[in-house]
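Working notes, structure below.
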RNA sequence: GCCCGGAUGGCGGAACUGGUAGACGCGCUGGACUUAAAAUCCAGUUUCCAUUGAGGAAGUACGGGUUCGAUUCCCGUUCCGGGUACCA
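In the working numbering, the protein residues as written are 40 to 1009.
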C-alpha cells in the first residue's frame, strides 16, 4: 500500500465515474441541498489555479452535505454563447460550435481531474438548442407580460388587452415607456398595428429607441456593464452613444422589489451595496416650471425641492426634446455649435472632462415659488437618460451647478445656513432654511417635505422616486446567441413563435462578421424569411442563457417544460452559490429579475434564486520580465545583452569575446515578458524574487508550446547573457515582476495540471484551501505546498507501518486520542459551516501532529476510521483509498460524516490566566467546576500570586469561570 | 469624490458573542540519520533587555476613547485593495 498519489488519483476518479458516485437522486424523500458554482465560459486557455478556489470550496460543502444525508444537487455546465466565443471564431476561423465543443471537453476533463463532485449527467450548455429552446420560451413569456403596479407583479398581456378594451388607460397603473391617455373607444378604433404599438409601451420585453452603447469595432451594442471607462470590456474598443431601436427588458418595473429582496438574502455587505448603487433609488420630487412665452412646461426631477428658492437657472440635456423649441433665433448658432461639440465627444472624452461647458438657449422659465425668470441652458453634465433630462440648478447647494454658475456669471442665492453643522457638505442635506419665504427656519428634511407638499398643492408637481437603473438592453447584432423568437407579420406586428415551434435554431453560417449595426442573421435570408413573415434577426446577450440556468439543472432533460413544477417545488432555490465578484452586479441582478418574473407567473415557489452567495477572492500571479540592456564597449560598439534586474546603469561589464565596457539603458533597452512556468521562485532578503536559469533557456529549443515559441523570438533580440551564479554553481538571471491577474497575454497563467501531477490532486485541493480565507484576494505561490504534502504523508503514515503495510489495531483508544478526534470533528464541522476552509486544514494538521508525535503514533481504528470519513471532502482520493483498505463498503463519500460526541471534550480542569490590571502574569489550574469564590481564595493564597500582590492593595477581583482571573490592584 | 473591504512576526495566516495575541504552515537557525545530498525526524524562531535557575518590558497601521481587561467596540488619521461616478 504505497503513497503513490498519481495512481491513487487515477484509480478513484475512474471508480467514481463508473459508479456514478455523485449522481443526484430524483427521489424527493431526503432533505435537499443545492450547491452551485457559477458556470464558466469555456475559453481556449483552460482552467487556471484561480478557478478551482471557489470550485473546491463548494465541492467540500457538497461532499459534506452528501455524507450528512442530504440529497445534494451540485451541477456544472457551460456559458457558451456570447461575444468571446464569436470573436475567437472570427480571429481563428474556427466555428464557435466547434471551439466550444473542444473547450468544453477540456474543461470537463480538468474539473474531473480536480475531483469536483459534479453530476455530469445534469450538465447544461447554453448554446445547445435543447437548452436555448427554454431560454427563448422564457423570453416569449416576458414578451407576453406587462407589469401591474397596483398588484405589484407581472401579469399576462391578455389581461391588459381586456383592460384597454373595456376602460382604455383609465385606472391603469402599469410600468410603461411613456404615459398614454386612451379611452376604450380610441383603443378599439385603432388598427392592429397601432394596437400592437400601444401594447409595446407596456410589454416586459419591448422594442424601443434609446441611446445605447455602440461599439463599432465589435459591430454591436453593449450593456452598461459590458462597458468600462468608455471602452468595451471585451477587446477594449471605443464605445459611443447612439440612438437605436433595440429589444429591452423592463427591469425598472422590478427595481423596488430587487432592492427589497436584498434584505432577505445572505450576500456580503459589499455586494449588496453594489447592487443598491446600481439600482440607485433616490427620492425627491417632480416639478413643473412654466416656460415663458409658451404654454409648455419644463419637467424636472430633484431630490432637493427645499432649495427651490435658490434655483437661479435651469439645465437640460443637449439631446432633450424641447431644445429646438427653447432655442431662440439669436442663440441658434451657440446651441448648434455646442450640440456639435457634444456629439463629437466620445464617452472617454466626457469622463476625462472636468470643466463645465454649456450654452444658453435664450429661453426662460418661471420659478413657481418666486415667480422670477430663470434662464435655460443646455449642458452635457445633465444626462438625457436620468430623471427627466432636465434639472433646476441650485448653485448654492450643488457643486456642479455652482461651477456652472461661476462660469456663466449666474446669480447664487444662499438658501441653507449650515453653520450649525460644521464640516457638512451639500450632500449631507442638513441645515436651516434661509431666504426661502415660507420655508425659512425649517431644518432641511422638514423643508423637503413642506416644499413637496406645496408643489402638490399648487398642482406643479409631486413626490417622486427615481432610479439610476435603466431598462436592460437585450438585443445584440451578433451571430453567436439565442435568436429572438419573434416573427413580424405583413403589417410589421411582432408575434412570438409558438412553444411547439421552439427552439428557433441558429442557421448554420460560415461568415458571421457583424457589419455596423446590422445583424449577420439579416444575411441568412433562407432562414429569416418564413411563410408567417420575417424573423427577428437580433440575438440575445449572453446573460439570457445564464440568468436562469440554475433552474434547468433541477430538470435538465425535460422537453415539456423549462422545469417541472414538482421538481422546482422540491429543489426550491440555491442554498449556496459560489463565484467571482466580477459578476456581483450584472449576472446576479439579472437572474434575480428573471426569478422574480417567474415567481409572478407562478413558475417558481421562491422570491429569490440564491439564498447565500460566496465570492471567492481572485488569485493573482507575478508577471515576470527579463531585462534587455545595451553594453557599450570601450571601442564604442553597442551590444544588446540580457542582464539581471538589479544591475544598474553604468555598471562596468566584462564579457568574453566583447571585452570591457559598461551598461547603458536607453530606448532600445527595456523589459520583455517571460513565461512564468520557466521561472524559479526564490526568496532574497525575505522578498520574493524570480530567476530564470540557463537550463530553462537551453530547454527552450525542444519546447513546442506556444509560449516557448514566443519566448524564443524574444530571446533573438540579444545573444549575450550576463549570467550570475547561485550557491550550487548554476547560472541564472534575476528577473523583475509585478503582481497581476492571470492572463494568457501576460504569460502568467498557472494551470492546476502540473501541480496535481506532482503533488496529487488532494494536496492541490488542500493547499488551495490552506492559502487563506476563501473570499480574500491573494497572490499565487507554491511556497508552502510542501507543508501540505508533508501533512498528507504524515496522515497516511498513521495507517501504515515502515514497510507501507496497513497497520491498524482494534485496541480501545485512549481518552486523549478520543479527545483529539472529537476536537477535530467539532472544529471541522463548525468551520465548514462558516466556509472557513483554511482553518479546517490547520485543524487536520494539528490532529495529525497530536496523533503521530509524543509517545508513539496512534494506530487505533476507533480514531483513524472516523478521521478518514472526516477528511474525505478535502482529500477525496486518499480518503477512499484508506477507507477501502480499512474494509469500508462502497465509497467513503457516501459514508456518514462523523458526529461530535461532547463527552470526550469535557475538561476536568481549566488553566486560568491570572492577570494583574489586565496583564497576564501567570497561569493556574483549577477544577472545571470550581466556584468563583474558591478560585479567588485559592489564587490569592498561591505564592506566585502573592508575589505580585506584595505591597499592593487589591481593589477588585474579577473571576470569569472558564475564562480568566483579573486582580485590580493599586 | 462617494460606497464597500482591509492593515497582526521574515512570509501566508490563526484568535469563540471583549478574556493567555501570534494556532497551523512556509522560511530561517541548530541538531539527528547519511560517505554525501535529498527525504525524514527532533529542537528553536514577535521584538528588545537580561540569562546560572530565572526573569522583565513593549507589541496587532497611527492618535484618542469606553472597559477590571480591546486585534475585537466607538471617534479621528494614514496607507492599501475593490466597486462606482457630472445620477440632479
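Note that the Cβ used here is the ideal one computed from N, Cα and C, for glycine as well.
For residue j and residue i, believed in contact at Cβ under 8 Å, the rounded distance
i: residue 494; j: residue 326; result: 6 Å
i: residue 662; j: residue 776; result: 6 Å
i: residue 213; j: residue 188; result: 6 Å
i: residue 436; j: residue 465; result: 5 Å
DSSP state of residue i mapped onto helix, strand, coil
i: residue 289; result: coil
i: residue 72; result: strand
i: residue 250; result: strand
i: residue 683; result: coil
i: residue 443; result: helix
i: residue 336; result: strand
i: residue 819; result: coil
i: residue 523; result: coil
i: residue 273; result: coil
i: residue 399; result: strand
i: residue 78; result: coil
i: residue 949; result: strand
i: residue 184; result: strand
i: residue 507; result: coil
i: residue 469; result: coil
i: residue 423; result: coil
i: residue 848; result: strand
Residue i vs residue j beta-carbon contact at 7 Å
i: residue 900; j: residue 937; result: no
i: residue 401; j: residue 369; result: yes
i: residue 559; j: residue 518; result: yes
i: residue 270; j: residue 122; result: no
i: residue 43; j: residue 617; result: no
i: residue 703; j: residue 669; result: yes
i: residue 311; j: residue 297; result: no
i: residue 516; j: residue 139; result: no
i: residue 91; j: residue 791; result: yes
i: residue 512; j: residue 285; result: yes
i: residue 350; j: residue 433; result: yes
i: residue 576; j: residue 561; result: yes
i: residue 920; j: residue 95; result: no
i: residue 361; j: residue 404; result: no
i: residue 278; j: residue 266; result: yes
i: residue 865; j: residue 939; result: yes
i: residue 520; j: residue 120; result: yes
i: residue 860; j: residue 882; result: no
i: residue 647; j: residue 304; result: yes
Per-residue burial, residue i [other beta carbons within 10 Å of its own, 16 or more giving buried]
i: residue 758; result: exposed
i: residue 419; result: buried
i: residue 346; result: buried
i: residue 174; result: buried
i: residue 928; result: exposed
i: residue 886; result: buried
i: residue 951; result: buried
i: residue 410; result: exposed
Residues near residue i by beta carbon distance below 6 Å, same chain, minus five either side
i: residue 72; result: 104, 109, 111 and 614
i: residue 925; result: 904
i: residue 207; result: 221, 222, 223 and 226
i: residue 639; result: 192 and 193
Contacting residues, own chain, Cβ-Cβ under 8 Å from residue i (five flanking each side not counted)
i: residue 689; result: 701, 702 and 703
i: residue 769; result: 732, 733 and 734
i: residue 709; result: 666 and 667
i: residue 973; result: 965
Residues near residue i in its chain [Cβ-Cβ closer than 7 Å; skip 5 each side]
i: residue 469; result: 457, 460, 463 and 483
i: residue 508; result: 290, 291, 294, 317, 318 and 319
i: residue 40; result: 839, 843, 844, 845 and 924
i: residue 366; result: 374, 400 and 401
i: residue 510; result: 287, 288, 289, 290 and 291
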